[in-house]
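2 protein chains.
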Amino acid sequence: MSLPHMSESTEMYLKAMAELGDHPVAIARLAERLGVTPVSANEMMRRLGEQGLVTHTPYKGVTLTEKGREAAANVLRRQRLWEVFLFEHLKIEWAKIYEFACSLEHATAPEVTEALAAFLGNPKVCPRGNPIPDANGGFEPLGGRSLRETAVGKTVRVRAVNATATDVLKYLQDKGILPGQTLKVLEAAPLDGPLTLSVNGKEVALGLSMAEFVIVE
Amino acid sequence: MSLPHMSESTEMYLKAMAELGDHPVAIARLAERLGVTPVSANEMMRRLGEQGLVTHTPYKGVTLTEKGREAAANVLRRQRLWEVFLFEHLKIEWAKIYEFACSLEHATAPEVTEALAAFLGNPKVCPRGNPIPDANGGFEPLGGRSLRETAVGKTVRVRAVNATATDVLKYLQDKGILPGQTLKVLEAAPLDGPLTLSVNGKEVALGLSMAEFVIVE
DNA sequence: TGAAATAATAAGGTCAGCCATAATATTTTT
DNA sequence: AAAAATATTATGGCTGACCTTATTATTTCA
Chain G
17 MSLPHMSEST EMYLKAMAEL GDHPVAIARL AERLGVTPVS ANEMMRRLGE
67 QGLVTHTPYK GVTLTEKGRE AAANVLRRQR LWEVFLFEHL KIEWAKIYEF
117 ACSLEHATAP EVTEALAAFL GNPKVCPRGN PIPDANGGFE PLGGRSLRET
167 AVGKTVRVRA VNATATDVLK YLQDKGILPG QTLKVLEAAP LDGPLTLSVN
217 GKEVALGLSM AEFVIVE
Chain W
17 MSLPHMSEST EMYLKAMAEL GDHPVAIARL AERLGVTPVS ANEMMRRLGE
67 QGLVTHTPYK GVTLTEKGRE AAANVLRRQR LWEVFLFEHL KIEWAKIYEF
117 ACSLEHATAP EVTEALAAFL GNPKVCPRGN PIPDANGGFE PLGGRSLRET
167 AVGKTVRVRA VNATATDVLK YLQDKGILPG QTLKVLEAAP LDGPLTLSVN
217 GKEVALGLSM AEFVIVE
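Below you can see the structure in the form of structure tokens.
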């Protein structure tokens, strides 16, 4: 409660960058994920750059600075702790917790964050399977690889779902593609076409951009 | 998740009006409570008037319309449910829960509100002693009268504290003026000077503007 | 009733975070 | 290497919720 409070918008950009994993991130991808125009995302990256949160190498993408990485870890911590609360205690539908937790996240002071963590028993992962950074920004990156790159014929276990859009989460939920679920890749259509999976004895079609956000082991 | 989302600022104005009790409310008092200039509050009241949330009678004050009253009850419900959660489950210090709950309130969707209410066991009052409106906006107004108007010599019980500023709440907390506490009015200084109270065997001075927000029975 | 206090309105300004459009720069593909 | 695609920068606009500084209207009080 002293730092020049980070705006909601700033938090969303930092979070998106952290969620998109290893950098650098193309500004266009950020814009897409955040639902703004590339021009707006560019402007914002200039502002974040001035604040020392990101580094922008034109035509290459943006990278979180150490300061930015810490800030992002903080945001992710709040986000994911709320996800745990909403899912475990309020029994909110899995597909909706991301969106609801996102709103709450922006409104959460450090003192509340830590009290919440204690209340929840300091969980290490959120219901989507993503790790929860510790209070100091410590963060074991999520291992495993994307379902997108999984060879046809392999049987894998879903470790985490990195999607954030409610409709995408809803689709995955309906098809049973949730953390812990075992599934098999039956087919990969040519021309970057969808994967066909076997989940719980049912065949499920999954586009590559969705498969990208399913982390398996 | 469908209505043209009410801005945070709008919610603050509605909440302040509801908290200030029976109407009409002078715009200057609203401005004071919200920490904005009277001119800004005036502008805002024009906007809320256009949205049909308040009625403004120039030189008399503003009143919530039925629509405004319902919206305000909704805001108060969220606010006070979060207060219960923060106090009962997260063990946040009493004086701070209002402020923290206020941030969370703005970020809470109806579905989350109702799940939270169920989780908390549908409490009827918040830790400050104020009633929690039901899901339909139903609201039994807080009985009792202000400590300000309590006769010298009387012994009363604190039913609720209607203050919202953290420093004020902190002062009351430090002096033990909390819901359920019994206290006696020892003296009322002239010229609208402070009250002297006996609380827990200690003498406590309390200015009238603070006493105003202590509801007793 | 006239002065003082209070309330309302008007006019113009700021700021963050968006937008669109257009021009320019770079990279990728053919 | 030229064409196409993508990224960046420039310019100008918009909105909500504030602000300040007048000016005007009304109410309250001596």
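Chains as they are written, first to last, in my numbering: chain G, 17 to 233; chain W, 17 to 233. Glycine residues also receive a C-beta, built at the ideal position from the N, C-alpha and C atoms. The model shown is predicted, which means the values in this text are computed figures rather than measured ones.
Does the beta carbon of L97/W sit closer than 7 Å to a beta carbon anywhere in chain G? no
C-alpha gap between M28/W and K186/G, whole angstroms: Put simply, the backbone Cα of M28/W is about 33 Å away from that of K186/G.
List, from N- to C-terminal side, the alpha helix (DSSP H) runs of 4 residues or more that fit wholly inside the segment 40-122 of chain W. Those alpha helix (DSSP H) runs which fall completely within the segment 40-122 of chain W and span 4+ residues are 43-50, 54-66, 82-100, 110-122.
C-alpha distance - Q189/W paired with T182/W, whole-angstrom precision: 10 Å
Check E219/W in the structure and name its three-state DSSP category. Looking at E219/W - three-state DSSP - the assignment turns out to be strand.
What are the partner residues of P147/W, as DSSP defines its beta bridges? V141/W
7 Å Cβ shell around M17/G - same chain, five flanking residues per side excluded: With a pLDDT of 33 at M17/G, under the threshold of 50, the modelled position of this residue cannot be trusted; read the value that follows with caution. Within its own chain, the residues whose Cβ lies closer than 7 Å to the Cβ of M17/G, once the five positions on either side in sequence are excluded, are A125, listed in chain order.
How long is the line joining the alpha carbons of A117/W and Q67/W, rounded to whole angstroms? 26 Å
Can you confirm whether V174/G, when its beta carbon is compared against all beta carbons of chain W, has any partner nearer than 7 Å? no
Under 7 Å, do S214/G and K200/G count as touching if we go by C-beta distance? Yes, the Cβ-Cβ distance between S214/G and K200/G is below 7 Å.
Rounded to whole angstroms, what is the Cα-Cα separation between V41/W and V78/W? Using only the alpha carbons, I get a separation of about 5 Å.
Just to make sure I have the definition right: I need the residues of chain W whose C-beta is within less than 8 Å of the C-beta of S119/G. Which are they? Here the neighbours are A123, T124, A125.
7 Å Cβ cut-off: residues of chain W touching F135/G: H105, L106
Determine the DSSP secondary structure at T134/G, reduced to helix, strand or coil. It should be noted that the sequence gives Ala, not Thr, for residue 134/G. A134/G: helix per DSSP, three-state reduction.
Contacting positions in the segment 28-56 of chain W - beta carbon closer than 9 Å to chain G: none
Along the segment 182-193 of chain G, what residues have a CB closer than 9 Å to any CB found in chain W? When CB distances to chain W are screened at a threshold of 9 Å, not a single residue of the segment 182-193 of chain G falls below it.
Look at the alpha carbon of P195/W and the alpha carbon of R94/G, and state the distance between them as a whole number of angstroms. 32 Å
Whose Cβ in chain W lies nearer than 7 Å to the Cβ of L132/G? Chain W residues near L132/G: L106.
Apart from the five residues on each side of it in sequence, which residues of its chain come closer than 6 Å, Cβ to Cβ, to L19/G? Below a pLDDT of 50, predicted positions are generally treated as unreliable, and L19/G, at 46, falls in that range; no measurement from the model is reported.
Is the Cβ of F116/W closer than 7 Å to any Cβ of chain G? yes
Check whether the Cβ atoms of L158/G and A227/G sit closer than 7 Å, and answer yes or no. no
From V55/W, D208/W, S119/W, N146/W, residue whose alpha carbon lies closest to that of A179/W: N146/W
Mind pulling the chain G residues with CB within less than 9 Å of L102/W? V128, A131
Apart from the five residues just before and just after A111/G, which ones in its own chain have a Cβ nearer than 7 Å to its Cβ? T182, L185, K186, Q189
Does the beta-carbon of A88/W have 16 or more other beta-carbons within 10 angstroms, so that it is buried, or is it exposed? buried
Have a look at R173/W, A151/W, D150/W and flag the residue whose alpha-carbon is nearest the alpha-carbon of V232/W. R173/W
Simplified DSSP assignment, three categories, for L194/W: coil
Contact set for W98/G: own chain, Cβ-Cβ below 7 Å, skip 5 residues either direction: Result list for W98/G: A117, L120, E121, in chain order.
Could you give the uninterrupted runs of the beta strand (DSSP E) lying entirely in the segment 165-195 of chain G, keeping only those of 3 residues or more? 171-177
Under 8 Å by Cβ, that's how I've got S203/W and V168/W pegged, so tell me the actual separation to the nearest angstrom. Correcting the residue identity first, residue 203/W is Glu in this sequence and not Ser. Contact flag correct, Cβ pair sits at about 6 Å.
DSSP state of A205/W mapped onto helix, strand, coil: It is coil, neither helix nor strand.
Would you mind reading off the limits of the alpha helix (DSSP H) that contains L224/W? In this chain, the alpha helix (DSSP H) harbouring L224/W covers 224-227.
Residue burial classification, P206/W (beta-carbon count within 10 angstroms, cutoff 16): exposed
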